[in-house]
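Student: This is the structure I want to talk about, given as structure tokens.
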Amino acid sequence: MKERSKPVTPILSPPQAKILPLRLEEVSFQDTSCFSGIQKLSLEGTVGQPAVTPRHVGVSGELMSLNGFSRVLLSTQSVALLEEEKNKEEGPRICGESHQSFSPNLGSPSPPETPDSSHCISRIGDYLLLEPLEGDHVFRAAHLHSGEELVCKVFDIGRYQESLAAYFALGQHQHINQILEILLGETRAYVFFERSYGDMHSFVRTCKKLREDEAAKLFYQIASAVAHCHDNGLVLRDLKLRKFVFKNEDRSLVKLESLEDTYILDGHDDSLSDKHGCPAYVSPEILNANGSYSGKAADVWSLGVMLYTILVGRYPFHDVEPGSLFSKIRRGHFNIPETLTPKAKCLIRSILRREPAERLTSREILEHPWFTSSGALGGPAVPGRGEREQEQMVPEVNMEQELEQFFS
């Protein structure tokens, strides 16, 4: 009889570690057939109390008093069964924004990499950290007892307070993601959020564009989240459709997914000098400014790009070459289709003003008559069920490297 291989013991933290560092590559399988169901490798330790707890975050005393953690290894079969159950709940998967291009037309995105079948699942307190969603710091998570699916973001312990400062400073808002739990360890902070049901970028790309009534209902929620941030001294800087995700399965409610890129103002002066954002959403003054610019006005410009894209199905400014794209943004000239209503055109033109001082504020946007005339304030939007057209949508591009070429 062939001898079964033994599982490789994961490289664990020193015994004094209070939470196992989340390094999925530290655990591997020699032979997954030797696993039957779930096997646990335990490490003694205690959960540390959080140094800072925002006023709207509930940190469970019971969760914080757990006296041990387990690193959980799932066999390939177990992972497949778990994924099968999750896929039944989630429905069709929506493509992300990995394609990098300045063209308004998107072809089929590159297929996602096939997950490693020997994926390691980590247990943190009463939570399981499942597969990574974004790099090595954002994970799909599940509560062990309730089965509730969540999102867990992992931060270095020395920087988590800085990364979460905007959440701590901002009061609750129904259209801004809220922290549910924080677990602290020796080297990592584990922050749990409610799950989402896809992002606005993917949704609009799938539908190509939205009807004015549903667009108004969703955009009102987006603008209200931005206005709440501005009212409380926060500039978002990197606003784009992908930053807004759906709170429910029927995709009628949205929320701002993260505040990690937010700049916290010191007083009423919103002057910024950094070049931060996504090329298609960047405002003319950011491209032209050698000094400072209004952070809130730049956010409003990004809102205008989002509104135009939702209603038209493409960016207002687009080109295959970055230099040409930035030139069009600097000039501030764009065309609005005649199919839009006069009030929709009015709102777009009132936001996408080349001069920052001429733009509406985020709070003034909410008072525009377009929302009333389109029924945006009468209830949540219902996703369109129109015939699918050829996908046409904006790409996702990291702007920082592109801007270095123009501002070096």
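Under this note's numbering, the letters of the sequence shown match residues 0 to 407, in that order. Heads up, the beta-carbon is just placed ideally off N, CA and C, and yes, glycines get one too. Just so we're clear, the structure is a prediction, and the values are computed from it rather than from any experiment.
1. Taking the straight line between their C-alpha atoms, what separation do you get for L258 and C228?
2. Comparing C-alpha positions only, which one of S373, N247, R348, D230 sits nearest to G197?
3. Rounded to the nearest angstrom, what separates E357 and G303 at their Cα positions?
4. Below 7 Å between beta carbons: does that hold for E256 and K242?
5. Among all the DSSP beta bridges, which residues are the ones paired with L149?
6. Could you give the first and the last residue of the continuous beta strand (DSSP E) run that contains F245?
7. Could you work out which residue in R194, R362, I263 is closest to E161 when comparing CA atoms only?
8. When you compare each of F218, E130, D155, A164 to R187 by their alpha carbons, which one comes out closest?
9. How about the stretch 292 to 299 and the stretch 323 to 331: do they share at least three Cβ pairs that are nearer than 8 Å?
10. Would you mind sorting S301 into buried or exposed? The rule is 16 or more other CB atoms within 10 Å of its CB.
11. Does DSSP put V253 in a helix, a strand or coil?
12. Between which two residues does the beta strand (DSSP E) harbouring L182 extend?
13. Exposed or buried, N334, counting other C-beta atoms within 10 Å across all chains shown (16 or more means buried)?
14. Can L149 and F191 be called in contact, C-beta distance under 7 Å?
15. Check L346 in the structure and name its three-state DSSP category.
16. So, for A222: in the same chain, excluding its five sequence neighbours on each side, which residues have a beta-carbon less than 7 Å away from its beta-carbon?
17. Just how far apart, CA to CA, sit A164 and T338?
18. Check each candidate in S201, K254, L183 and name the one with the smallest Cα separation from E193.
19. Can you name, in chain order, every residue of its own chain whose Cβ lies under 8 Å from the Cβ of N287, other than the five neighbours on each side?
20. I need the DSSP call for Y307, collapsed to helix, strand or coil.
21. In whole angstroms, give me the CA-to-CA distance for T308 and E185.
22. Do D273 and V225 have their beta-carbon atoms positioned less than 7 Å apart in this structure?
23. Just tell me which of H275, L132, M305 has its CA closest to the CA of V234.
24. Report yes if the C-beta distance between A141 and L132 is below 7 Å; otherwise report no.
25. With 16 as the cutoff for other CB atoms within 10 Å, does Q99 come out buried or exposed?
26. Can you name the start and end residues of the alpha helix (DSSP H) that C206 belongs to?
27. Got a sec, what are the start and stop residues for the beta strand (DSSP E) E126 sits in?
28. Please state whether the Cβ-Cβ distance between R353 and G331 is less than 7 Å.
29. Skipping 5 residues on each side, what residues in its chain have a beta carbon closer than 6 Å to that of Q296?
30. Rounded to a whole number of angstroms, what is the C-alpha to C-alpha distance between A343 and P321?
31. Can you look up S272 in the DSSP assignment and give me helix, strand or coil?
32. Taking 8 Å as the limit between beta carbons, can you name the residues of its chain near L306, skipping five residues before and five after?
33. Out of I181, M199, G124, G266, which one is the CA nearest neighbour of Q220?
34. Can you tell me whether R362 is helix, strand or coil according to DSSP?
35. To the nearest angstrom, report how far apart F370 and T340 are at their CA atoms.
Tutor: Walking through what the data contain:
1. Put simply, the backbone Cα of L258 is about 10 Å away from that of C228.
2. Looking at the Cα atoms, N247 is the closest of the given residues.
3. For E357 and G303, the distance between alpha carbons rounds to 13 Å.
4. With contacts defined as CB atoms closer than 7 Å, E256 and K242 qualify as a contacting pair.
5. According to DSSP, which records beta bridges pairwise, L149 is partnered with A140, E193.
6. In the DSSP assignment, F245 falls within the beta strand (DSSP E) that extends over 243 to 245.
7. Closest option to E161, Cα to Cα, is I263.
8. Minimum Cα distance to R187 is reached at D155.
9. Under the 8 Å Cβ criterion, the stretch 292 to 299 does not count as touching the stretch 323 to 331, having fewer than three qualifying pairs.
10. Classification of S301: buried, given that the 10 Å Cβ count is 16 or more.
11. Looking at V253 - three-state DSSP - the assignment turns out to be strand.
12. Unbroken beta strand (DSSP E) run through L182: 178 to 183.
13. Classification for N334: exposed.
14. For L149 and F191, yes; Cβs fall inside 7 Å.
15. DSSP places L346 in the helix class (H, G or I) of the three-state scheme.
16. For A222, where only same-chain residues beyond five positions count, the Cβ hits under 7 Å are L302, S361, I364, L365.
17. If you take the alpha carbons of A164 and T338, they lie about 43 Å apart.
18. For the options S201, K254, L183, the alpha carbon positioned closest to that of E193 is the one of K254.
19. Contacts found: R329.
20. Y307 carries a helical assignment under DSSP once its states are collapsed to helix, strand and coil.
21. If I take the Cα positions, the gap works out to 44 Å.
22. Against a cut-off of 7 Å, the Cβ pair of D273 and V225 comes out as no contact.
23. Closest in C-alpha terms to V234, from the list H275, L132, M305, comes H275.
24. No.
25. With a pLDDT of 33 at Q99, under the threshold of 50, the modelled position of that residue is not reliable, and the figure given next carries that caveat. Under a 10 Å Cβ-count criterion, Q99 is classified as exposed, with fewer than 16 other Cβ atoms of the shown protein chains found around its own Cβ.
26. Counting along the chain, the alpha helix (DSSP H) containing C206 begins and ends at 199 to 206.
27. Strictly speaking, residue 126 in this sequence is Tyr, with Glu absent from that position. Taken as a continuous stretch (DSSP letters only), the beta strand (DSSP E) holding Y126 covers 126 to 133.
28. In this structure, R353 sits near G331, with a CB-CB distance shorter than 7 Å.
29. First, the amino acid is wrong: residue 296 is Ala here, not Gln. So the list reads P355, R358, once near-sequence residues are dropped.
30. Whole-angstrom Cα-Cα distance: 29 Å.
31. Coil, per DSSP.
32. Within the same chain, L306 has close Cβ partners A214, F218, L346, I347, I350.
33. The candidate whose alpha carbon is nearest that of Q220 is M199.
34. In the structure shown, the three-state DSSP call for R362 is helix.
35. If I take the Cα positions, the gap works out to 12 Å.
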